[in-house]
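Input: a single structure, listed below in structure tokens.
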Amino acid sequence: IMQTAFFKLANVIPVDDAILYLKDQIKKMFSKKGDKIVNMNFEAVDKTLDNLIEIKYPKAWADAVDTIATSKDEPDFVKNVLRPMVAQQGDKLPVSAFSPDGIFPVATTQYEKRGVAINVPEWIMDNCVQCNQCSMVCPHAAIRPVLLTDIELAKAPKGFETIKTVGKELKGYNFRMQVNTLDCMGCGNCADICPAKKKALVMKPIEFQTEAQVPNHKFAVEVPVRDNLIKRDSIKGSQFCQPLLEFSGACAGCGETPYAKLITQLFGERMIIGNATGCTSIWGGSAPAIPYCVNKDGFGPTWANSLFEDPAEFTYGMFLGALQQRRKLADLVQEACNTKIPKKLKDAMQGWLGNMQDPEGSRKYGDQLKALLPEYKDNPLLSEILDMSKLFTKKSYWIFLGDGAAYDIAYGGIDHVLATGEDINVMVYDTEVYSNTGGQSSKATPTGSVAKFAASGKKTAKKDLGAMLMTYGYVYVASVAMGANKQQLIKALTEAESYNGPSLILGYAPCINHGIKKGMGKSQEEEKLAVQSGYWPLYRYNPLLKAEGENPFMLDSRQPDGSFQEFLAGEVRYASLKQSFPDEAKRLHARLENEFNERYESFKIKADPKSVCDEDKKD
Numbered sequence: 079i080m081q082t083a084f085f086k087l088a089n090v091i092p093v094d095d096a097i098l099y100l101k102d103q104i105k106k107m108f109s110k111k112g113d114k115i116v117n118m119n120f121e122a123v124d125k126t127l128d129n130l131i132e133i134k135y136p137k138a139w140a141d142a143v144d145t146i147a148t149s150k151d152e153p154d155f156v157k158n159v160l161r162p163m164v165a166q167q168g169d170k171l172p173v174s175a176f177s178p179d180g181i182f183p184v185a186t187t188q189y190e191k192r193g194v195a196i197n198v199p200e201w202i203m204d205n206c207v208q209c210n211q212c213s214m215v216c217p218h219a220a221i222r223p224v225l226l227t228d229i230e231l232a233k234a235p236k237g238f239e240t241i242k243t244v245g246k247e248l249k250g251y252n253f254r255m256q257v258n259t260l261d262c263m264g265c266g267n268c269a270d271i272c273p274a275k276k277k278a279l280v281m282k283p284i285e286f287q288t289e290a291q292v293p294n295h296k297f298a299v300e301v302p303v304r305d306n307l308i309k310r311d312s313i314k315g316s317q318f319c320q321p322l323l324e325f326s327g328a329c330a331g332c333g334e335t336p337y338a339k340l341i342t343q344l345f346g347e348r349m350i351i352g353n354a355t356g357c358t359s360i361w362g363g364s365a366p367a368i369p370y371c372v373n374k375d376g377f378g379p380t381w382a383n384s385l386f387e388d389p390a391e392f393t394y395g396m397f398l399g400a401l402q403q404r405r406k407l408a409d410l411v412q413e414a415c416n417t418k419i420p421k422k423l424k425d426a427m428q429g430w431l432g433n434m435q436d437p438e439g440s441r442k443y444g445d446q447l448k449a450l451l452p453e454y455k456d457n458p459l460l461s462e463i464l465d466m467s468k469l470f471t472k473k474s475y476w477i478f479l480g481d482g483a484a485y486d487i488a489y490g491g492i493d494h495v496l497a498t499g500e501d502i503n504v505m506v507y508d509t510e511v512y513s514n515t516g517g518q519s520s521k522a523t524p525t526g527s528v529a530k531f532a533a534s535g536k537k538t539a540k541k542d543l544g545a546m547l548m549t550y551g552y553v554y555v556a557s558v559a560m561g562a563n564k565q566q567l568i569k570a571l572t573e574a575e576s577y578n579g580p581s582l583i584l585g586y587a588p589c590i591n592h593g594i595k596k597g598m599g600k601s602q603e604e605e606k607l608a609v610q611s612g613y614w615p616l617y618r619y620n621p622l623l624k625a626e627g628e629n630p631f632m633l634d635s636r637q638p639d640g641s642f643q644e645f646l647a648g649e650v651r652y653a654s655l656k657q658s659f660p661d662e663a664k665r666l667h668a669r670l671e672n673e674f675n676e677r678y679e680s681f682k683i684k685a686d687p688k689s690v691c692d693e694d695k696k697d
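Using the numbering used here, the first residue of the sequence shown is number 79, and each one after it goes up by one.
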């Protein structure tokens with residue numbers, strides 16, 4: 079579009095000739111993506127000429143001075159660092175503007191308010207079934223359920239409409255699904271997956287939504303988060319918990335961030351994340367705006383990023399350091415229990431010692447100790463315990479990384495750390511390519527997929543990371559896909575986190591590099607289709623069941639429905655091979671289907687070995 083406008087206005091060559099050259103280049107660049115994409119680009123060129131409008135502007139604009147808009151309510155960091163950096167004036171900042179230790183404060187994406195969406199969801203309250211699924215799938219935490227008392231509702235701005243809650247746990251509250259229009263990316267996944275017969279969310283142009291919804295959102299964020307009314311480990315209950323990852327710079331419709339956001343809703347107030355370099359570090363920690371945030375009590379994920387190749391070792395080091403500190407703390411608490419101290423304090427200390435490995439128990443007794451210990455700060459031993467009070471609550475350690483790191487470059491470290499048997503969780507966002515660097519082939523890339531370094535289709539099979547790590551026998555392993563089975567995902571995450579040992583979660587994550595023909599607004603649906611077709615299996619391997627004499631492997635997805643080739647045809651990474659190498663595409667895609675069918679059959683046997691024995695007896 080911009081090139082067409084340039085050649086029309088610059089007149090360096092006849093514009094008709096320029097358009098011929100442009101269209102020839104478009105055909106060369108996009109022919110592999112199919113005729114539809116080529117024709118859409120042709121249409122964009124043609125429509126540009128018909129829509130060029132000259133704008134007359136005052137000459138004074140040439141002398142205008144850029145100003146950085148700030149608010150009195152904004153933190154100093156936002157006014158003094160974030161705003162100048164966003165305005166491309168970061169190189170003018172003095173060193174003194176930054177924290178000496180290099181730390182950037184969290185929860186700063188909320189101040190960007192970019193308003194980049196073309197269309198945003200409008201909530202149709204009469205159609206809403208209050209399932210909260212739209213909130214769960216939102217990649218940017220831009221739509222959230224709100225629960226209000228009648229007193230709170232009376233203070234709401236005009237147009238802040240609610241409905242009465244359903245379910246005995248929420249009796250007496252009013253419900254609203256609030257859209258944050260200025261932080262929404264407009265992907266449309268929320269509206270697409272709405273299960274109501276008549277959609278409760280309809281995409282509307284942002285210019286007709288902002289005026290009404292901005293004050294509504296501003297009011298909604300001041301309403302207390304009510305996260306203790308429904309069990310957290312459910313689809314509905316999890317979404318009443320504050321997401322501690324919000325408004326990131328991830329692509330519209332991103333398949334990765336919904337997983338990360340959900341993990342923060344389940345465990346975020348006590349999480350420590352070691353992040354590989356890749357997409358997860360770019361949307362997770364790009365200066366100056368950080369999307370990880372804290373709850374009303376000031377607790378949230380601690381996040382740090384190391385190299386592409388060592389997130390496991392990096393996180394393991396933090397884990398071991400804290401492990402030693404907590405052991406020292408336990409020794410001090412035990413020592414204090416052996417001295418003459420008030421009964422109330424002793425009971426709290428003994429309670430903590432008995433629950434120090436339990437997240438809720440350690441927090442409960444830890445909070446009691448935090449309230450009691452300041453009275454005894456003159457006691458050197460008790461004062462030292464108080465100084466270490468941040469260690470009372472059991473932390474949840476997570477390694478975040480993509481398939482390029484997990485399957486390839488950082489695999490050695492992942493294998494080593496999981497093999498130690500320590501209580502560390504690994505979340506792999508599997509896009510099946512190196513996403514952040516532009517879509518290069520990885521060992522997670524399946525047979526017949528077109529990617530950079532595999533232009534004629536990858537000739538080797540996808541590495542089965544989950545099956546490899548199940549061989550240890552003591553590593554919890556799960557394969558999940560939010561769009562296919564949300565409750566299975568929550569169950570896998572909670573089982574993995576509560577397991578006192580290593581865990582690996584493989585999450586299928588649709589990506590712009592896949593070239594989903596329906597668009598990234600259908601990324602959640604694409605996950606569902608991947609599972610139904612047999613492309614991506616759902617399973618859990620829980621070592622605790624093995625210890626109880628039960629089968630530790632559970633296959634959570636059904637028999638493939640025969641739509642495998644149809645699924646491949648819906649993504650450019652597979653369909654483009656038919657354009658460039660049709661015979662090779664037919665051969666490789668048939669082989670891929672056979673590989674994945676064999677994988678599913680092997681999982682069926684693993685899940686129910688008895689059925690195979692029964693079949694052998696019949697024979």
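We put the beta carbon where it would ideally sit given N, CA and C, even for glycine. Please read all numbers here as calculations on a predicted model, not as lab measurements.
Discussion item. Residue 561 and residue 602 - do their beta-carbons sit closer together than 7 Å?
Written reply: For this step, residue 602 is matched to residue 524 along the sequence shown. For this step, residue 561 is matched to residue 483 along the sequence shown. The Cβ atoms of residue 602 and residue 561 sit closer than 7 Å to each other.
Item to complete: Starting from residue 360, trace the alpha helix (DSSP H) both ways and give me its first and last residue.
Response: By one-based count along the sequence shown, residue 360 stands at place 282. Its alpha helix (DSSP H) spans residues 357 to 363.
Worksheet item: Residues bridged to residue 476 by DSSP?
Response: Position 398 of the sequence shown, counting from 1, holds the residue named residue 476. Note: residue 476 sits in a beta bridge opposite 351 and 503.
Item to complete: With a threshold of 16 other CB atoms inside 10 Å of the CB of residue 139, please say whether the residue is buried or exposed.
Response: Residue 139 sits at position 61 when you count from the first residue of the sequence shown. Classification for residue 139: exposed.
Worksheet item: Apart from the five residues just before and just after residue 342, which ones in its own chain have a Cβ nearer than 7 Å to its Cβ?
Response: Position 264 of the sequence shown, counted from the first residue, corresponds to residue 342. Excluding sequence neighbours, residue 342 sits near 321, 322, 323, 349 and 379.
Worksheet item: Between residue 123 and residue 100, is the Cβ-Cβ spacing less than 7 Å?
Response: For the purposes of this step, residue 123 is identified with residue 45 of the sequence shown, where counting begins at 1. For the purposes of this step, residue 100 is identified with residue 22 of the sequence shown, where counting begins at 1. A contact, by the Cβ cut-off of 7 Å.
Worksheet item: Going by alpha carbons, who is nearest to residue 476 out of 571, 247 and 420?
Response: As a working mapping, residue 476 is identified with position 398 in the sequence shown. Proximity to residue 476 across 571, 247 and 420 peaks at 571, based on C-alpha coordinates.
Practice prompt. Determine the direct distance from the alpha carbon of residue 314 to that of residue 565, and round the result to whole angstroms.
Written response: Reading the sequence shown from its first residue, position 487 is the one you call residue 565. Reading the sequence shown from its first residue, position 236 is the one you call residue 314. Between residue 565 and residue 314, the C-alpha separation is close to 10 Å.
Fill in: Selection from 661, 617, 622 and 655 that minimises the alpha carbon distance to residue 684
Residue numbering aside, residue 684 sits at position 606 when the sequence shown is read from its first letter. Of the listed residues, the one whose Cα sits closest to residue 684 is 617.
Practice prompt. Please indicate yes or no: does the CB of residue 326 lie closer than 6 Å to some heavy atom of the ligand SAM?
Written response: Inclusion of the ligand SAM in the displayed structure is not the case, the ligand content being empty and no account of it being possible.
Discussion item. Measuring alpha carbon to alpha carbon, tell me which residue in 516, 620, 619 and 586 is nearest residue 604.
Written reply: Here residue 604 is taken as the residue at index 526 of the sequence shown, counted from 1. The candidate whose alpha carbon is nearest that of residue 604 is 586.
Practice prompt. Determine the closest residue to residue 619 out of 392, 612 and 628, with distance taken between C-alpha atoms.
Written response: Position 541 of the sequence shown, counted from the start, is the residue given in the question as residue 619. For the set 392, 612 and 628, the Cα lying nearest the Cα of residue 619 is the one of 628.
Worksheet entry | Expected contact under 8 Å - CB spacing of residue 390 and residue 492 to nearest Å | The residue you call residue 390 lines up with position 312 of the sequence shown. The residue you call residue 492 lines up with position 414 of the sequence shown. Indeed they touch by this definition, with Cβ atoms about 5 Å apart.
Discussion item. Alpha carbons only, please: which of 219, 238 and 438 is nearest the one belonging to residue 226?
Written reply: Here residue 226 refers to the residue found at position 148 of the sequence shown. For residue 226, the nearest C-alpha among the options comes from 238.
Discussion item. Distance check for residue 303 and residue 114, CA to CA, integer angstroms please.
Written reply: Here residue 114 refers to the residue found at position 36 of the sequence shown. Here residue 303 refers to the residue found at position 225 of the sequence shown. The straight-line gap from Cα to Cα measures roughly 46 Å.
Discussion item. By the three-class DSSP mapping on this structure, what secondary structure does residue 310 have?
Written reply: Mapped onto the sequence shown, residue 310 falls at position 232. Annotated three-state conformation of residue 310 is coil, per DSSP.
Practice prompt. Determine the burial state of residue 640: buried for a count of at least 16 other Cβ atoms within 10 Å of its Cβ, exposed for fewer.
Written response: Start at 1 with the first residue of the sequence shown, and residue 640 comes out as number 562. By the neighbour-count criterion, in which a residue is buried when 16 or more other Cβ atoms sit within 10 angstroms of its Cβ, residue 640 is exposed.
Practice prompt. Throw me the rounded Cβ distance for the residue 529 and residue 511 pair, which I believe falls under 8 Å.
Written response: For the purposes of this step, residue 529 is taken as the residue at position 451 of the sequence shown. For the purposes of this step, residue 511 is taken as the residue at position 433 of the sequence shown. The beta-carbon distance between residue 529 and residue 511, rounded to whole angstroms, is 5 Å. This is short enough to meet the 8 Å contact definition.
Discussion item. Quick check for students: name the residue ranges of the beta strand (DSSP E) that lie wholly in the region 524 to 607, counting only runs of 3 or more.
Written reply: Fully enclosed beta strand (DSSP E) runs of 3 or longer: 554 to 558 and 581 to 586.
Practice prompt. Return the Cβ separation of residue 652 and residue 527 in integer angstroms, given the expectation that the two are a contact with Cβ distance under 8 Å.
Written response: As a position in the sequence shown, residue 652 is number 574, starting the count at 1. As a position in the sequence shown, residue 527 is number 449, starting the count at 1. That pair is a contact at about 6 Å.
Worksheet entry | Neighbourhood of residue 396 by C-beta distance below 8 Å, restricted to the same chain and skipping five residues each side | Reading the sequence shown from its first residue, position 318 is the one you call residue 396. Same-chain partners within the cutoff: 350, 352, 382 and 475.
Worksheet entry | Neighbour-count burial assignment, residue 80, 16 or more Cβ in a 10 Å radius | Here residue 80 refers to the residue found at position 2 when the sequence shown is read from its first residue. Looking at its Cβ environment, which holds fewer than 16 other Cβ atoms inside 10 Å, residue 80 is exposed.
Worksheet item: Are the region 187 to 200 and the region 283 to 301 touching, with three or more C-beta to C-beta distances below 8 Å?
Response: They touch, by the three-pair rule.
Worksheet item: Where residue 631 and residue 573 are concerned, what is the direct C-alpha to C-alpha distance, given to the nearest angstrom?
Response: As a first step, residue 631 is located in the sequence shown; it is residue number 553 there, counting from the start. As a first step, residue 573 is located in the sequence shown; it is residue number 495 there, counting from the start. Those two C-alpha atoms are separated by around 13 Å.
Discussion item. Please report the straight-line C-alpha distance between residue 430 and residue 461, rounded to a whole angstrom.
Written reply: As a position in the sequence shown, residue 430 is number 352, starting the count at 1. As a position in the sequence shown, residue 461 is number 383, starting the count at 1. A direct Cα-to-Cα measurement between residue 430 and residue 461 gives close to 17 Å.
Worksheet item: Considering only residues of the region 215 to 254, which uninterrupted alpha helix (DSSP H) runs meet the minimum length of 4 residues and lie entirely inside it, listed in chain order?
Response: Runs of the alpha helix (DSSP H) inside the region 215 to 254: 228 to 231.
Practice prompt. Excluding the 5 residues preceding and the 5 following residue 517 in the sequence, name in chain order all residues of the same chain whose CB lies nearer than 7 Å to its CB.
Written response: As a first step, residue 517 must be located in the sequence shown, where it is residue number 439. The residues are 511, 529, 530 and 591.
Item to complete: Confirm, please, whether the CB-CB distance from residue 355 to residue 386 is below 7 Å.
Response: In the sequence shown, the residue the question calls residue 386 occupies position 308. In the sequence shown, the residue the question calls residue 355 occupies position 277. Residue 386 is a Cβ neighbour of residue 355, given a cutoff of 7 Å.
Practice prompt. Please list, in chain order, all residues of the same chain as residue 262 whose beta carbon is under 6 Å from its beta carbon, the five residues on each side excluded.
Written response: Here the question's residue 262 lines up with position 184 in the sequence shown. The beta carbon of residue 262 sits closer than 6 Å to the beta carbons of 195, 198 and 220 from its chain, once the five residues preceding and following it are set aside; these are given in chain order.
Worksheet item: Roughly how many whole angstroms lie between the Cα atoms of residue 481 and residue 311?
Response: Taking the sequence shown and counting its residues from 1, the one referred to as residue 481 is at position 403. Taking the sequence shown and counting its residues from 1, the one referred to as residue 311 is at position 233. Going by C-alpha positions, residue 481 is about 26 Å away from residue 311.
Discussion item. For the pair the region 410 to 421 and the region 441 to 460, tell me if three or more CB-CB distances fall below 8 Å.
Written reply: By the Cβ test, the region 410 to 421 is in contact with the region 441 to 460, since at least three Cβ pairs between them sit closer than 8 Å.
Item to complete: Using alpha carbons as the reference points, say which of 301, 489, 663 and 106 lies closest to residue 228.
Response: Within the sequence shown, numbered from 1, the residue matching residue 228 stands at position 150. When 301, 489, 663 and 106 are compared, the shortest CA-CA separation from residue 228 is found for 301.
Item to complete: Have a look at residue 649 and residue 340 and give me their C-alpha separation to the nearest angstrom.
Response: In the sequence shown, residue 649 corresponds to position 571, counting from 1. In the sequence shown, residue 340 corresponds to position 262, counting from 1. Rounded to the nearest angstrom, the two C-alpha atoms are 26 Å apart.
Worksheet entry | Length of the line joining the Cα atoms of residue 222 and residue 318 | As a working note, residue 222 is residue 144 in the sequence shown. As a working note, residue 318 is residue 240 in the sequence shown. Distance between the alpha carbons of residue 222 and residue 318: 8 Å.
Fill in: Rounded C-alpha distance that separates residue 248 from residue 257
Translated into positions along the sequence shown, residue 248 becomes position 170. Translated into positions along the sequence shown, residue 257 becomes position 179. Rounded to whole angstroms, residue 248 to residue 257 spans 21 Å at the Cα level.
Discussion item. Residue 612 and residue 588 - do their beta-carbons sit closer together than 7 Å?
Written reply: Numbered from 1 along the sequence shown, position 510 holds the residue referred to as residue 588. Numbered from 1 along the sequence shown, position 534 holds the residue referred to as residue 612. With contacts defined as CB atoms closer than 7 Å, residue 588 and residue 612 fail to qualify as a contacting pair.
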